[in-house]
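K.L.:
In full-length UniProt numbering, the protein residues as written are 1 to 464. Built from N, CA and C at the ideal position, the CB exists for glycine as well. My questions will all concern the structure given below.
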């Protein structure tokens, strides 16, 4: 490392360890940061943890996190960092340290420097050993050497933060798309809102056109005025919406799964599929099954309820042919069978691929489509986990997935859902590809900028 360095202690006005006791968890209240919320420089509070006001005050006695502070994890995992955003009121959880940069130190630059290979190597090299897991001790943390590039630190921070902002925007867009898709599935197939809207309108004495329009409002979320506008400006969209609304019945009926729309039936997941097959693992000892492999081979840890573009590991044609692996086509849904709470996690293949024996691959019937099957499986996640927790190995089997009872609509409704949702999945897939590209750019620039091997002017010229 050729550049000048300062110790982390020299660059911070505060380095505060977290309280060494577990907070009292509550269902609501004030946010407690947990290590699971901090990964790859991102603070993800989509699933926050809370404590009471009383416990919160105990945890901020030494310092309360404020805008621009940095939090670094001491263990499990070690060395993950995040910035405290504006407006967030929170306290540290366990195994965390709060860093407050001195005036004159660019906090974003310090945030990026802590993620550089030069600093990461110091953390790993100096790792201490606690009673159960590796951890970084406070004296080691204070003595970390941080690379300095005086005169360029603001620009380095701006370049890397600009990429990070694009990554975060990309992530937020996908979260919104996923939420919209789930809301539509819930409206059509869980709450039966178009059916109930028709029933309510019939009870109010409206005519057939009013009944259909009520279902159109339920499906689209539009008001009557907005529907008239849609009819005038985009008549083909209006006609499609009306056709979809007419597919929903105007009455409910009893079933073994409770009240369901008239004409719908109770079936199983297997009824929606052309095939359901398990994956497999080529022998690890056979190098020819793995070396220079080009066929994606997924593990359950890679399933996050989203499209799958590529895997961490790949197998060869020989590995495929001489093992129990199954090669699936794009739009096959993978479901995790092993180890609660991983059980039930999904992945949607966007290229041909394989997986280990802890996964099953489900191919939807063409008249059903993968979007409906995907969200049916997602909606049964809790059921699968309850079965897994009750078993000796906390797994489920392919047969349990096949036999899961579900409510099945007429094919026309599932087909319309497919047409509506496929663009959502395409957009999400495109965003994931862009996300990976941005991460690759960030990970390439970060070590080069922080080591001085890449000049600022070179990056600025490339951007312009």
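What is the DSSP secondary structure of residue 9, counted as helix, strand or coil?
P.N.:
helix
K.L.:
What's the call for residue 440, buried or exposed, on a 16-neighbour Cβ count within 10 Å?
P.N.:
exposed
K.L.:
How many angstroms separate the CA atom of residue 143 from the CA atom of residue 447?
P.N.:
20 angstroms
K.L.:
Note down, in chain order, each residue of its chain lying with its Cβ closer than 6 angstroms to the Cβ of residue 454, except the 5 sequence neighbours on either side.
P.N.:
448
K.L.:
Apply the 10 Å Cβ neighbour rule to residue 239 and answer buried if 16 or more other Cβ atoms are within range, or exposed otherwise.
P.N.:
exposed
K.L.:
Kindly indicate which residue of 375, 65, 243, 299 has the alpha-carbon position closest to the one of residue 421.
P.N.:
375
K.L.:
Quick one, which of 92, 87, 80 has its alpha-carbon nearest residue 58's?
P.N.:
Nearest option by C-alpha distance: 92.
K.L.:
So, are the CB atoms of residue 347 and residue 302 less than 8 angstroms apart?
P.N.:
yes
K.L.:
Quickly, what does DSSP pair residue 165 with across the bridge? List them, please.
P.N.:
According to DSSP, residue 165 bridges with nothing at all.
K.L.:
Would you identify the three-state DSSP class for residue 34, choosing helix, strand or coil?
P.N.:
coil
K.L.:
In whole angstroms, give me the CA-to-CA distance for residue 289 and residue 349.
P.N.:
Across the structure, residue 289 and residue 349 are spaced so that their CA atoms are roughly 21 angstroms apart.
K.L.:
Would you identify the three-state DSSP class for residue 253, choosing helix, strand or coil?
P.N.:
strand
K.L.:
Figure out for me which residue from 60, 324, 158, 220 has the closest Cα to the Cα of residue 184.
P.N.:
220
K.L.:
Only counting runs of 4 or more residues, tell me where the alpha helix (DSSP H) segments fall wholly within the region 180-209, in order along the chain.
P.N.:
193-203
K.L.:
For the beta strand (DSSP E) containing residue 434, name the first residue and the last one.
P.N.:
Per DSSP, residue 434 belongs to no beta strand (DSSP E); it is in the alpha helix (DSSP H), 411-451.
K.L.:
Can you name, in chain order, every residue of its own chain whose Cβ lies under 6 angstroms from the Cβ of residue 138, other than the five neighbours on each side?
P.N.:
Result list for residue 138: 17, in chain order.
K.L.:
Using only the alpha-carbon positions, how far apart do residue 337 and residue 226 sit?
P.N.:
45 angstroms
K.L.:
Leaving out the 5 sequence neighbours to the left and right, which residues in its chain are closer than 7 angstroms to residue 458 when beta-carbon positions are compared?
P.N.:
Spatial neighbours of residue 458 in its own chain (CB-CB distance under 7 angstroms, excluding positions within 5 residues in sequence) are not present.
K.L.:
Is residue 386 buried or exposed, if buried means 16 or more other CB atoms sit within 10 Å of its CB?
P.N.:
Residue 386 comes out exposed.
K.L.:
Name the one or two DSSP bridge partners that residue 39 has.
P.N.:
42
K.L.:
Between residue 256 and residue 269, which are expected to be in contact by the criterion C-beta below 8 angstroms, what is the C-beta distance as a whole number of angstroms?
P.N.:
That belief does not hold up - the Cβ atoms of residue 256 and residue 269 are roughly 16 angstroms apart, past 8 angstroms.
K.L.:
Using three-state DSSP, classify residue 50 as helix, strand or coil.
P.N.:
strand
K.L.:
Apart from the five residues just before and just after residue 442, which ones in its own chain have a Cβ nearer than 8 angstroms to its Cβ?
P.N.:
160, 163, 164, 167
K.L.:
Should residue 4 be listed as close to the ligand SAM, given that the test is whether its C-beta is under 7 angstroms from any heavy atom?
P.N.:
Here there are no bound small molecules, and the ligand SAM is not part of this structure.
K.L.:
Would you list the residues sitting across from residue 364 in a DSSP beta bridge?
P.N.:
273
K.L.:
Can you tell me which of 306, 141, 321, 308 puts its alpha carbon nearest to the alpha carbon of residue 280?
P.N.:
Per the Cα distances, 321.
K.L.:
Go ahead and label residue 284 buried or exposed: buried means 16 or more other beta carbons lie within 10 angstroms of its beta carbon, across all protein chains shown.
P.N.:
With fewer than 16 other Cβ atoms within 10 Å, it is exposed.
K.L.:
Can you check whether the C-beta of residue 36 is within less than 8 angstroms of a C-beta belonging to chain C?
P.N.:
Note that chain C does not occur in the displayed structure, where there is just one protein chain.
K.L.:
My output table needs one value for residue 220: the three-state DSSP class, helix, strand or coil.
P.N.:
helix
K.L.:
Going straight from the alpha carbon of residue 182 to that of residue 190, what length do you get?
P.N.:
10 angstroms
K.L.:
Drop a sphere of 10 angstroms on the beta-carbon of residue 12, count the other beta-carbons inside from all chains shown, and report buried for 16 or more, exposed for fewer.
P.N.:
buried
K.L.:
Below 8 angstroms between beta carbons: does that hold for residue 217 and residue 204?
P.N.:
no
K.L.:
Would DSSP call residue 458 helix, strand or coil?
P.N.:
Helix.
K.L.:
Looking at the strands, I want to know which residues DSSP matches up with residue 73.
P.N.:
96
K.L.:
Whose CA, out of 424, 419, 273, 247, lies closest to the CA of residue 360?
P.N.:
Measuring C-alpha to C-alpha distances from residue 360 to each of 424, 419, 273, 247 identifies 273 as the nearest.
K.L.:
Would you identify the three-state DSSP class for residue 408, choosing helix, strand or coil?
P.N.:
The answer is strand: DSSP assigns residue 408 an E or B state.
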